[in-house]
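Okay, structure first, notes after.
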Amino acid sequence: MTGKIVGAFFGFLLLRNIVGALIGLYLGHLFDRAVKRFANKQNVEQWLSSGDSKQAIFFYTTFSVMGHVAKASGNVTPEHIQTANEFMTHMGLSKEQVAEAKEAFREGKSLGFPIKKKINLFKQYFGKRQDLCQFFIEIQIQTAYSDSILEPAEYELLLNIAKQLGFTKRHLGQLIVMWEAELRFQNYKKDQQQKNRKYERRRANSSSSDSGDHQRQNNTRDISSPSVADAYALLGISENETTKEIKRAYKRLMSQNHPDKLVAKGLPPEMMEVAKQKTQDIQSAYEIIKKARKF
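Okay, so the sequence shown: first residue is 107 according to this note's numbering, each after it adds one.
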């Protein structure tokens, strides 16, 4: 408890606003948790020099900026809230962490949220890690697309964030195209999972296995799988690329999004599942291209 109080106090003094206090509060929470976890002074000092503080900054900034992006077009829609909640669920957050994430999200959508200061603070810790910065931007793109529409105000905000982190307008455009393709992969996967669950329930309740198999065919026949064009877009390449260039793009993306590597660089471990899903989508896209190009 002491760490939370001290952290909130010094966080407020540092940034002169409630955002600083909340960041300090979260850092203090991590400190208190470390003190409980380690019994001696040496281990506490080890925590102070570890990546936990960086992970706290990444965690808090991610959810607060998500709230700000959701508010960019004027109103936070139910779809924005649902995306944030699904993101928290996918991360497997504890009740305490969910409460912290929701508080950060609420702070981000509040009037006068200091977005530039927040991104500058993020940049101080992660500015030299382009893969982590890109991962962060992709999460914000996902938030903007919660309602399947990228509003002009949302785009302008994303562009400002990207530029502040050293990305060009062209690079942001490519990330948006890649996310649109990845979204089609994820929607297809969700549809498959939902229809398979329905099939399993009907199969369990059905007295005839033949009718169950027929029902499964009816459930899956009209599902549109991602196209080869979607696969190329997800990998950020064109259909004119050589096999060698395709393999290089695939390996680069897999390396950039490798969960263990990202966590080692400062990504909160709770976000590892998000990175895993992305590598699965990259792998799926690559397999589609391999099949189409026969290599």
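Where a beta carbon is used, it is the ideal one built from N, C-alpha and C, also for glycine.
So residue i is in the alpha helix (DSSP H); what residue range does that whole segment cover?
i	result
N226	I221 to F232
V369	P365 to K371
S361	T349 to Q362
L301	Correcting the residue type first, residue 301 is Lys in the shown sequence and not Leu. K275 to N311 is the extent of the alpha helix (DSSP H) around K301.
V380	M378 to R399
N191	P184 to M197
At the level of alpha carbons, what is the spacing between residue i and residue j?
i	j	result
N293	S330	10 angstroms
Y261	L227	22 angstroms
Q246	N311	42 angstroms
E393	P220	43 angstroms
D387	F211	27 angstroms
E202	T189	19 angstroms
A370	F232	12 angstroms
F242	T195	18 angstroms
V182	E209	15 angstroms
G214	T349	44 angstroms
Would you decide whether residue i is buried or exposed? Buried here means 16 or more other CB atoms lie within 10 Å of its CB.
i	result
K384	buried
N266	exposed
A398	exposed
A335	exposed
Rank the options by C-alpha distance to the C-alpha of residue i and give the top, closest one.
i	options	result
H174	A259, T348, L278 and P332	A259
E379	E192, K160 and P184	E192
S390	T274, L199 and L289	L289
L238	E351, R354, K160 and K353	K160
Starting from the C-beta of residue i, find all residues in its chain whose C-beta is less than 7 angstroms away, skip the five residues before and the five after it, and write them out in chain order.
i	result
K224	V125, T167, S170 and V171
N149	The predicted model places N149 with a pLDDT of 46, which falls under 50 and marks its position as unreliable; any figure quoted below should be read in that light. Taken in chain order, the list of residues that qualify is empty.
M377	M197
With a CB to CB cut of under 8 angstroms and the five nearest residues on each side skipped, what residues in its chain are close to residue i?
i	result
R303	none
A339	V283, M284, E286 and A287
Is there a Cβ of chain D sitting closer than 8 angstroms to that of residue i, yes or no?
i	result
Y392	The question asks about chain D, but that chain is absent: this structure has only one protein chain.
Near residue i, which residues of its chain fall below 6 angstroms by C-beta distance, leaving aside the five closest residues on each side in sequence?
i	result
L359	I388
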